[in-house]
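Let me begin by presenting the structure, written as structure tokens, before commenting on it.
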Amino acid sequence: MNNKSIMMKQKKKHVIMGLSGGVDSAAAAFQLKEEGYEVIGVTFNFFNQKKMLNTAAMVADQLGITHHIVNAQPRFNQKVIQPFINGYKKGETPNPCMLCNQNLKFRLLMEIAENYDEALIATGHYAEIQKINDHYSLLASKNKDKDQSYFLYHLNQSILSRLILPLKRFESKNAVRKVIQTSLPFIANGPESQGICFIPRGNHSLFLKEALFGSRPVPQGNLVDYQGKILGKHRGAHGFTLGQTRGLGIENPLHLAVVDIIPKTNTVILGEEKALLTNEIIIEKVHLNLEKNQVDQGPLTFKTCRWGYDYPGTFKCLPNGEALVQSTIPVRAPTPGQALVFYRDRMVLGGGIIKKVDDSRI
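In this text, residue positions in the sequence shown follow my numbering: the first is -11, and each later residue adds one.
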């Protein structure tokens, strides 16, 4: 009798699977069922997502698993959309996927899991969990092109100890699609999810305009240099992000970039590329997956965005609960509101939210 048969004869362990209606979560649910788990698909209705809800229901029906749709619209608005909008009010560029993972999605999965005896939870993220003694570590996926550990750095031991990431074994997205080609052909070749899920048609600027100003006209602001010289006008500082060089609304023969955003005065400061470079970054809301003395022992690498460069550097906790991350090479435009995540080899050591860059420019 093989291991799978033995598992099936035992009482099946429940797994609460976040079923989004996409390829990855469908493949993860399929994989869990193949391994003998009692899979319960849960789809969170964060806003009016009829197509996604219908697709998730079709996946569950085809796999023969229980499926629940949970209305989470009020909490999504409170925990994700409003903090996203408030970040832009402060001149930050928040990441809504990060906000959702940190403030809502995993909390909801854990809440539902409490209704079942020793239930586990699962998602379709590309990352890996490793248990050493009694400690659970989050590792970057071996599939570097799909790695999503950047979005999961905040997960604590309570969550990591109950989380399964079935896609950790797949070396490519094609391999993921292939595994469900027969059982779920209607989704196997589905498109990659892109953009921000709650922004219709990906019109980021229009969404922020309506959220920040409603029907009121957007106040005009100034584009200035470091000396305060007015270089042009703009329609709302919310339409800019640090490091931006295109779409400034002015002729830009000097290739100036956005080097600062001041929401209080609706001012966008433009400067030379060198003004965006720094070797020191302050982060707040710091989460560590190891003890502080283990994190700051020796070199590490860090990212300032998912697709970002792996910067070599060091980490130091500050007395006020913040941390100083120092890079051995200049970092371009570390953007307030974005996450900075640090690694040692593939292990995620922790991370935090970029607060400010030191004033000494290179």
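Cβ coordinates follow ideal geometry from the N, Cα and C atoms, glycine included.
For Pro62, the number of other beta carbons within 10 angstroms of its own is below 16, and it is reported as exposed. The DSSP-derived three-state label of Cys185 is coil. Judged by beta-carbon spacing, Gln19 lies within the 9 Å limit of Pro154, meaning their Cβ atoms are closer than that value. Residue state for His275 is assigned as strand, using DSSP reduced to three classes. Ranked by how close their Cα comes to the Cα of His56, the residues Leu7, Thr111, Cys85, Glu99 have Leu7 in first place. The continuous beta strand (DSSP E) containing Val319 extends over residues 311 to 320. When C-alpha distances from Ala110 are compared across Leu328, His123, Arg95, the shortest belongs to Arg95. Excluding its 5 nearest sequence neighbours in each direction, Pro300 has C-beta neighbours in its own chain below 8 Å: Pro287, Leu288, Thr289, Ser315, Thr316, Ile317, listed in chain order. When only Cα atoms are considered, Phe201 and Phe195 end up about 10 Å apart. Per the coordinates, the alpha-carbon of Ser125 lies some 22 Å from the alpha-carbon of Gly296. For a cut-off of 8 Å, the C-beta gap from Leu211 to Lys221 is around 7 Å, short enough to register as a contact. Counting C-beta pairs closer than 8 Å gives fewer than three between the stretch 165 to 184 and the stretch 28 to 41, which falls short of the contact rule.
Look at Glu26 here: in three-state DSSP terms it is strand. Leaving aside the five residues that flank Tyr214 on each side, the residues in its chain whose CB is nearer than 6 Å to its CB run, in chain order, Gly259.
Ranked by Cα distance from Leu143, the options Gly338, Ile342, Lys343 are led by Gly338. For Arg165, the enclosing alpha helix (DSSP H) covers residues 161 to 167. As DSSP reads the structure, Ser8 sits in no beta bridge.
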